[in-house]
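Inspection log for the structure reproduced underneath, given as structure tokens.
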Amino acid sequence: MKLYNMNLSNFATKSRIVVYDKGLNVEIVSPPGNDLHSPEYLKINPLGKIPALDVDGMVIPESEVINEYFEDKFPERPLLPKSPEGRAQVRTLTRFHDLYLEPPLRALFGQMNPKTRDDKVVNEKLSEVNKRLDELEKMLAPSGFATGSEFTLADCALAPTIFFAINLLPMFGAKPPLEGRPKLAAWWNHVQTRPSVKKALGEMQQALAAMQGR
């Protein structure tokens, strides 16, 4: 198996965490030419996005589909609860992440340059991000991981994006995302103790520093 990846991508990191946590024998590679829109990569994944998983020539796109595939294929060290109710709870958070929390945060990446920044867009997206973070605060378990005592796919999804929020929001003069959100702050401190998360976020940090020219 081969996972097409870029270390700074939160969605690719989401799948790398699963690979690390389950101890899977997966080759992690960059897209050809490190370009998502190269003809070579578009032949592999016509969507031109990462991650993508090559399983003996069959390509699986989309991080959540990849992670569910890993869970189905390698049920050892499970990252989904046994009960249907528990699984639904995890999937609610992963879907909340993909559809509601991540998109407004992603929109801010195009506004990082102060010279070309659209303040109206920034204010709208910051407002939406903070609204989603407030909703997440209400959805998180009172303690432990995202849905309780067990580490799940919900934690894999949330950790890379919260990493981005912590690093990105202060650039726009916004309050730190953990401020005034005690459950989110406690979860963040706890989830970073997971070796798979610590490793993957370390890779993100290195990639972010390289991008910023540090």
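So in the numbering used here, the last spot in the sequence shown is 228, and the numbers never skip.
Backbone N, C-alpha and C define an ideal beta-carbon position, used for all residues, glycine too.
With Phe178 and Asn24 assumed to form a contact (beta carbons below 8 Å), what rounded beta-carbon distance in angstroms separates them?
-> What you label residue 178 is simply residue 164 of the sequence shown in a count that begins at 1. What you label residue 24 is simply residue 10 of the sequence shown in a count that begins at 1. The Cβ separation is near 6 Å, so the contact holds.
Roughly how far, in whole angstroms, is the beta-carbon of Met218 from the beta-carbon of Leu94, given that I think they are within contact range, below 8 Å?
-> Indexing the sequence shown from 1 puts residue 218 at position 204. Indexing the sequence shown from 1 puts residue 94 at position 80. Not really, about 24 Å apart at Cβ, beyond 8 Å.
If we ignore side chains and look at the alpha-carbon of each, how far apart do Asn137 and Leu115 end up?
-> By one-based count along the sequence shown, residue 137 stands at place 123. By one-based count along the sequence shown, residue 115 stands at place 101. In a straight line, the C-alpha of Asn137 is about 16 Å away from that of Leu115.
Secondary structure of Phe159, DSSP reduced to three states | Position 145 of the sequence shown, counted from the first residue, corresponds to residue 159. It is a strand residue.
Continuous beta strand (DSSP E) stretch holding Leu17: start and end = Here residue 17 refers to the residue found at position 3 when the sequence shown is read from its first residue. 16-18 is the span of the beta strand (DSSP E), which, as asked, contains Leu17.
Do you know offhand how far Ile31's Cα is from Cys170's?
-> Locating residue 31 in the sequence shown gives position 17, where the first residue counts as 1. Locating residue 170 in the sequence shown gives position 156, where the first residue counts as 1. Answer to the nearest angstrom: the Cα atoms are 6 Å apart.
Within 10 angstroms of the Cβ of Ile180, are there 16 or more other Cβ atoms? Answer buried if so, exposed if not.
-> The count along the sequence shown starts at 1 and reaches residue 180 at position 166. With fewer than 16 other Cβ atoms within 10 Å, it is exposed.
Endpoints, alpha helix (DSSP H) assigned at Ile31 | In the sequence shown, residue 31 corresponds to position 17, counting from 1. From DSSP, the alpha helix (DSSP H) with Ile31 extends over 24-36.
Alpha carbon to alpha carbon, how far is Lys28 from Lys129?
-> Along the sequence shown, read from residue 1 onward, the residue named residue 28 stands at position 14. Along the sequence shown, read from residue 1 onward, the residue named residue 129 stands at position 115. So the alpha carbons of these two residues sit roughly 32 Å apart.
Neighbour flag for Lys212 against chain D, beta carbons, 8 Å = Judged by its chain identifiers, the structure shown contains no chain D, having just a single protein chain.
Can you list, in chain order, the residues of its chain whose CB lies under 7 Å from that of Thr108, leaving out five sequence neighbours each side?
-> Here the question's residue 108 lines up with position 94 in the sequence shown. Same-chain partners within the cutoff: Glu78, Leu167, Ala168, Ala171.
DSSP three-state call for Met126: helix, strand or coil?
-> In the sequence shown, the residue the question calls residue 126 occupies position 112. Three-state DSSP puts Met126 in coil, outside helix and strand.
Would you kindly check if the distance between the Cβ of Pro174 and the Cβ of Glu142 is under 8 Å?
-> Within the sequence shown, residue 142 is the residue found at index 128, counting from 1. Within the sequence shown, residue 174 is the residue found at index 160, counting from 1. No, the Cβ-Cβ distance between Glu142 and Pro174 is not below 8 Å.
Bounding residues of the alpha helix (DSSP H) (the contiguous stretch that carries Ile180) = By one-based count along the sequence shown, residue 180 stands at place 166. Per DSSP, Ile180 belongs to the alpha helix (DSSP H) from 167-182.
Beta carbon of Val104, beta carbon of Met15: below 8 Å?
-> Taking the first residue of the sequence shown as position 1, residue 104 is located at position 90. Taking the first residue of the sequence shown as position 1, residue 15 is located at position 1. No, the Cβ-Cβ distance between Val104 and Met15 is not below 8 Å.
Decide if the segment 43-61 is in contact with the segment 199-212; the criterion is three or more beta carbon pairs, one per stretch, under 8 Å apart.
-> no
May I have the straight-line CA-CA distance separating Ala66 from Lys152, to the nearest angstrom?
-> For the purposes of this step, residue 66 is taken as the residue at position 52 of the sequence shown. For the purposes of this step, residue 152 is taken as the residue at position 138 of the sequence shown. Spanning the two alpha carbons is a distance of roughly 32 Å.
Does DSSP put Glu164 in a helix, in a strand, or in coil?
-> Within the sequence shown, residue 164 is the residue found at index 150, counting from 1. Coil at Glu164, not helix or strand.
For the putative contact between Met20 and Ile64, defined by C-beta atoms under 8 Å, what is the C-beta separation to the nearest angstrom?
-> Here residue 20 refers to the residue found at position 6 of the sequence shown. Here residue 64 refers to the residue found at position 50 of the sequence shown. Rounded, the Cβ-Cβ distance is 6 Å, consistent with contact.
For Met72, the residue or residues it bridges with in DSSP | As a working note, residue 72 is residue 58 in the sequence shown. Beta-bridge pairing links Met72 to Val69.
Glu54 - containing alpha helix (DSSP H), residue span | Sequence index remark: in the sequence shown, residue 54 carries index 40 (1-based). Here the alpha helix (DSSP H) through Glu54 covers 53-58.
On the three-state DSSP scale, how would you describe Glu116?
-> As a first step, residue 116 must be located in the sequence shown, where it is residue number 102. Here Glu116 sits in helix by DSSP.
Name the DSSP beta bridge partners of Ile42, please?
-> Residue mapping note: residue 42 aligns to position 28 of the sequence shown, counting from 1. DSSP, once it has assigned bridges, lists Leu17 as partnering Ile42.
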